[in-house]
């Protein structure tokens, strides 16, 4: 018969673990995450493409503007030369100084302008034409100067005859021809480049529109994804709320089931304690009656021995004097032990029924109090109880006192006589739990007995210390009821560490197991 | 004054015998009527309400519980003044309170420690010898 088994069901079963919500809040689905990444990559590619296209566009415009410069410089060169020629012709025709003004204005500018044109066209296919234009242009200026000098020296007729040689006209034709060649080439190129720039711009615009569409698409898609997620989350939240609301109901149902199981255990314990005690009352009662009767017989026999010694046999004397008292002694110790065991069952079943009242506990003070109650024993065996810093708990005071009381009592009880005993209590908090260790350097527990010591009425090792074998069963039951666990580590002959894990704050189990 | 009859309701013959012996040893010589079940004892008590009576009641009986008997005695006009002493092997607080709530006068647990039990019964005997049992009308 093990009450332990029946009691184990309630704390270790899954009944009081809050039910897992069946829908977990969804994280971003992988597909959606992938899409966002693709979107970002596309965005980056589009941006890079835009930058590259803009660069190309800028280059195209630069080339176009260079062509423009070449064209305008060509036109200006021709214009200046024509101005100069117009001035010379007008003067020679009219012989008036005023007609020479365009010549004077243009003549100084021409060399620089021609140099500029050559510089503009450096490296271009039209560089040869520009050079031709410059040579012809410079020659033309020399020709103009020459005719005007001649006018000054030899008069108008000489100058006109020089003009008539057609040298100037030939040079001017050469200039126009070169200019036309440059213009033809450059105008064609300009058109080409402007077209190219236009194409690039269109591609750029298309790329930007494409990027914008992509961004909008991704935004919409991920937005829809987020919306779905949020909706799913909201759904989960609603379910969670519903579950929470229902939790009370679940707790209620399970509490009722637990209460029923508990009631059955109580009933069982009652029946056991009553039904086993009833015959025991008879055994003890009639044993006492019998003993008093035996004592009467004994007194009678003793009287007879005193009055007529030969009449009573040695066998009778031995029976009355030794056998009968011995039998009574064994009957009495056995019934007393049985009564103790029944009492232990009753105590365990009662403890299972007691309503736990969690309260804040200063653990150091609590353990110090327990150590103080053991002081006479520790002094007697020259042992020491060392209390290291302990985390405080919110738990049922009596239960905690009984757990630590039993563990410390055991530690002191089973010290090794060959060395000074040291019992150390330490603890720390981690997450929602407090972890305590009660370590002794006592006799230790053999590996086979590590689980067994927690069983009801089981004791381990040398049986030279009085005990009923309920202490650790009781401790484990209490630890379970508080929502904790207890285990041990031990090296036989060297000592034992009891490891106790308890919730820092009162758990639901404590409230409901009432 | 008519002598008080002690009605002992106890299913365990051994217990009944031990109780009787100890009552006698305490010097109480009143008649003891022993019933081993609830039905017979109730039949007697409810029909013989005129005789001054004291009930020694065991809670655990084969046919009904002691508390049921207590309830019936206390709700019957003829027997509601009869003093009831409850004897039981458990010291369950809830059970004790229930008995007091139902109107039992004294509650005695039967300890396994025989000497203590004998002492309790003898004290009960002394108590019986000085107690004036009211007329049950």
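Protein chains in written order, with this note's numbering: chain A, 1 to 514; chain B, 515 to 651. Just so you know, even glycine gets a beta-carbon here, dropped at the ideal spot from N, CA and C.
The C-beta distance from residue 49 of chain A to residue 207 of chain A rounds to 5 Å, short enough to fall under 8 Å. The DSSP assignment places no complete beta strand (DSSP E) segment of no fewer than 3 residues inside the region 124-185 of chain A.
Counting only residues of its own chain and dropping the five nearest sequence neighbours on each side, residue 476 of chain A has a CB closer than 6 Å to the CB of 454, 486. Within a 10 Å sphere around the beta-carbon of residue 164 of chain A sit fewer than 16 other beta-carbons, which makes this residue exposed. Residue range 324-351 is occupied by the alpha helix (DSSP H) that includes residue 327 of chain A. For residue 426 of chain A, DSSP records a beta bridge to A:437. The continuous beta strand (DSSP E) containing residue 489 of chain A extends over residues 485-491. Of all residues in the region 553-565 of chain B, none is placed with a Cβ closer than 9 Å to any Cβ belonging to chain A. Scanning its chain for C-beta atoms nearer than 6 Å, with the 5 sequence neighbours on each side dropped, one finds around residue 88 of chain A the residues 103, 144, in chain order. Residue 355 of chain A sits in coil when the DSSP states are folded into three classes, being neither helix nor strand. Your pair residue 182 of chain A and residue 130 of chain A checks out as a contact, with CB atoms roughly 6 Å apart and the cut at 8 Å. The criterion of a C-beta distance shorter than 9 Å is satisfied by residue 434 of chain A and residue 504 of chain A. Remark: C-beta atoms of residue 438 of chain A and residue 342 of chain A do not approach each other more closely than 9 Å.
For residue 608 of chain B, the uninterrupted alpha helix (DSSP H) run begins and ends at 607-615, by DSSP. Within 7 Å of the CB of residue 624 of chain B, the CB atoms of chain A belong to 281, in sequence order along the chain. A Cβ-Cβ separation of about 13 Å leaves residue 395 of chain A out of contact with residue 432 of chain A under the 8 Å criterion. Chain order gives the chain B residues near residue 286 of chain A as 528, 531, 532, 628, where near means a beta carbon separation below 9 Å. Proximity of the region 377-394 of chain A to the region 416-431 of chain A meets the contact definition, three or more beta-carbon pairs being nearer than 8 Å. The three-state reading of DSSP puts residue 548 of chain B in strand, counting E and B together. In this structure, the straight-line span from the alpha carbon of residue 194 of chain A to that of residue 36 of chain A is close to 39 Å.
When the five nearest sequence neighbours on each side are left out, the beta carbons in the same chain lying within less than 7 Å of the beta carbon of residue 495 of chain A are those of 439, 440, 441, 442, 444, in order along the chain. Using a CB distance cut-off of 9 Å, residue 535 of chain B counts as an interface residue toward chain A. Under DSSP, the beta-bridge partners assigned to residue 387 of chain A are A:425. Residue 348 of chain A is positioned such that its CB atom lies closer than 9 Å to that of residue 470 of chain A. C-alpha of residue 44 of chain A to C-alpha of residue 52 of chain A: approximately 12 Å in a straight line.
Taking the CA atoms as reference points, residue 390 of chain A sits about 30 Å from residue 458 of chain A. Measuring C-alpha to C-alpha distances from residue 637 of chain B to each of B:522, B:598, B:536, B:613 identifies B:536 as the nearest.
In this structure, residue 91 of chain A sits near residue 100 of chain A, with a CB-CB distance shorter than 9 Å. By the 16-neighbour rule on beta-carbons within 10 angstroms, residue 320 of chain A is buried.
Taking 9 Å as the threshold, the shortest C-beta distance from residue 581 of chain B to chain A does not fall below it. Neighbours of residue 551 of chain B in chain A, taken as residues whose beta carbon is under 8 Å from its own, are absent, since the nearest beta carbon is some 15 Å off. The residues 522, 546, 548, in chain order, have a CB closer than 8 Å to that of residue 534 of chain B in the same chain once the five nearest residues on each side in sequence are set aside. Neighbours of residue 274 of chain A in chain B, taken as residues whose beta carbon is under 8 Å from its own, are 574, 602, 603, 604 in chain order. Among the residues facing chain B, residue 289 of chain A is included, as its CB has a counterpart in that chain under 9 Å away.
Residue 603 of chain B places its beta carbon less than 9 Å from that of residue 273 of chain A. Neighbours of residue 372 of chain A across chain B, judged by C-beta separation under 8 Å, do not exist; the nearest C-beta is about 30 Å away.
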